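K.L.:
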Amino acid sequence: MITHSSISHLRIPFSLFLMPVFFFALALTPNLNEGRLALVFLALHLFLYPSSNGYNSFFDRDEESIGGLKNPPKVTQDLFWLAQSFFVIALILGAMISWSFASMLAVYGLVSMAYSHPSIRIKKYPWASWLIAGFFQGYFTFAMAYAGLSDLGWDVIFKAHVVTPGLLTSLMLWGNYPLTQVYQHREDSRRGDLTLSLKLGIKGTFLFSSLFFALTGLAFVWYFLDKNQESILWVYLGAMAPVMLFFLIWFGFIRKDEKYASYSWAMGMNSISAICLNAFFIYYFLENTQILQVFGY
2 MITHSSISHL
12 RIPFSLFLMP
22 VFFFALALTP
32 NLNEGRLALV
42 FLALHLFLYP
52 SSNGYNSFFD
62 RDEESIGGLK
72 NPPKVTQDLF
82 WLAQSFFVIA
92 LILGAMISWS
102 FASMLAVYGL
112 VSMAYSHPSI
122 RIKKYPWASW
132 LIAGFFQGYF
142 TFAMAYAGLS
152 DLGWDVIFKA
162 HVVTPGLLTS
172 LMLWGNYPLT
182 QVYQHREDSR
192 RGDLTLSLKL
202 GIKGTFLFSS
212 LFFALTGLAF
222 VWYFLDKNQE
232 SILWVYLGAM
242 APVMLFFLIW
252 FGFIRKDEKY
262 ASYSWAMGMN
272 SISAICLNAF
282 FIYYFLENTQ
292 ILQVFGY
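The opening position of the sequence shown corresponds to residue 2 in the working numbering, with each subsequent residue numbered one higher.
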């Protein structure tokens, strides 16, 4: 029997925070197809990510706030099988596009399992978990979405037009990843997980993220200028302004008192980032679609 607590641990609304990667891939996909678009979106955001969330929760058994759940309910055994069922459904949806796309989904799912499973538990290694999470939720997911949307194979991962935006998405996530851990220090310490935020300390986490946010911003400026998309660049900078303002205000509070490294502030940062980035990449998709239509594609 599936319990309400297990459904809660799937944290389906949390998929909103990973949607910018999908919309970025969609904006650059030349071979659009409505059926594939729906299948990729459903496979990733309704089944693969919730499966990963549930699996992670099953082994973490958090007693304090986690991403998307301020007061997580007690974990029950059915959560494991529910998470695995969602993973299988994601693979089935992926196979409806191609076996290549389904195998990419499988690789992502297996890596996410290794992130949490006690026999491997990548999560307890600060730099390895940071690097792997940022790569797979960024670059790999961008390439996977691009391949699924365009019905392409594994070779797309190494194409220049995928490598550059894929790395940009990883830069975004490498900057934000430690901030998602900043309010979980007590829980992670209790469990023996030395996360990157724990290693850096609270103020160190903010300084580290500041550096990567600056690198990300500069990289996107270069990307849009290189593509002669100055008008898009200004829209991007406008979309990022609220995110950076929120971050600087939060950092200002942290410098006075580290008690502000809380769940509510972290979710506020995630929420405003997701809203602004999703809005920007949807706009970018619509602009690129218009450009393609002008040229008869």
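Using N, Cα and C, we set each Cβ at its ideal position, and we do this for glycine too. All figures in this text were calculated on a predicted structure; none of them were measured in a lab.
1) Distance, Cα to Cα, asparagine 54 vs serine 86?
2) Can you confirm whether the stretch 131-148 touches the stretch 169-177 when touching is taken to mean that 3 or more C-beta pairs between the two stretches lie within less than 8 Å?
3) Roughly how many angstroms separate the alpha carbons of valine 236 and cysteine 277, rounded to a whole number?
4) Name the residue from Ala26, Phe42, Pro119 and Phe59 whose alpha carbon lies nearest to the alpha carbon of aspartate 194.
5) Can you grab the Cα-Cα spacing for the pair phenylalanine 299 / valine 108, in whole Å?
6) Does the beta-carbon of phenylalanine 296 have 16 or more other beta-carbons within 10 angstroms, so that it is buried, or is it exposed?
7) Does DSSP put isoleucine 98 in a helix, a strand or coil?
8) Rounded to the nearest angstrom, what separates phenylalanine 24 and serine 130 at their Cα positions?
9) First and last residue of the alpha helix (DSSP H) that includes lysine 200?
10) Beta carbon of isoleucine 123, beta carbon of isoleucine 133: below 7 Å?
11) Where are the beta strand (DSSP E) runs, 3 residues long or more, that stay fully inside the stretch 216-255, in chain order?
12) Would you call the stretch 212-231 and the stretch 181-196 in contact, with 3 or more CB pairs under 8 Å?
13) Could you pull out every residue in the same chain whose Cβ sits closer than 7 Å to the Cβ of phenylalanine 282, ignoring the five residues on either side in sequence?
14) Can you list, in chain order, the residues of its chain with a C-beta nearer than 7 Å to that of alanine 148? Leave out the 5 residues immediately preceding and following it.
15) Quick check on the burial criterion: 16 or more other C-beta atoms within 10 angstroms. Buried or exposed for asparagine 57?
16) Note down the Cα distance separating phenylalanine 60 from serine 263, rounded to an integer number of angstroms.
P.N.:
If we stick to the structure as given:
1) Within the sequence shown, residue 54 is the residue found at index 53, counting from 1. Within the sequence shown, residue 86 is the residue found at index 85, counting from 1. Looking at the two C-alpha atoms, the distance is approximately 13 Å.
2) yes
3) Here residue 236 is taken as the residue at index 235 of the sequence shown, counted from 1. Here residue 277 is taken as the residue at index 276 of the sequence shown, counted from 1. Looking at the two C-alpha atoms, the distance is approximately 11 Å.
4) The count along the sequence shown starts at 1 and reaches residue 194 at position 193. Nearest of Ala26, Phe42, Pro119 and Phe59 to aspartate 194, Cα basis: Pro119.
5) Examination of residue 299 is not possible in this model, given that the chain is present from 2 through 298 alone.
6) Position 295 of the sequence shown holds residue 296. Caution applies to phenylalanine 296, whose pLDDT of 41 falls short of 50 and renders its modelled position unreliable; the value that the coordinates give is listed next. Exposed is the call here.
7) Sequence index remark: in the sequence shown, residue 98 carries index 97 (1-based). Here isoleucine 98 sits in coil by DSSP.
8) The residue labelled residue 24 in the question sits at position 23 within the sequence shown. The residue labelled residue 130 in the question sits at position 129 within the sequence shown. Going from the Cα of phenylalanine 24 to the Cα of serine 130 covers about 25 Å.
9) In the sequence shown, the residue the question calls residue 200 occupies position 199. Residues 197-201.
10) Position 122 of the sequence shown holds residue 123. Position 132 of the sequence shown holds residue 133. Against a cut-off of 7 Å, the Cβ pair of isoleucine 133 and isoleucine 123 comes out as a contact.
11) none
12) no
13) Here residue 282 refers to the residue found at position 281 when the sequence shown is read from its first residue. Answer for phenylalanine 282: Pro21, Phe24, Phe25 and Ala28, listed in chain order.
14) Numbered from 1 along the sequence shown, position 147 holds the residue referred to as residue 148. Here the set comprises Ser101, Phe102, Met105, Gly154 and Val157.
15) The residue given as residue 57 occupies position 56 in the sequence shown. When all chains shown are included, asparagine 57 counts as buried.
16) Residue 60 sits at position 59 when you count from the first residue of the sequence shown. Residue 263 sits at position 262 when you count from the first residue of the sequence shown. Rounded to whole angstroms, phenylalanine 60 to serine 263 spans 23 Å at the Cα level.
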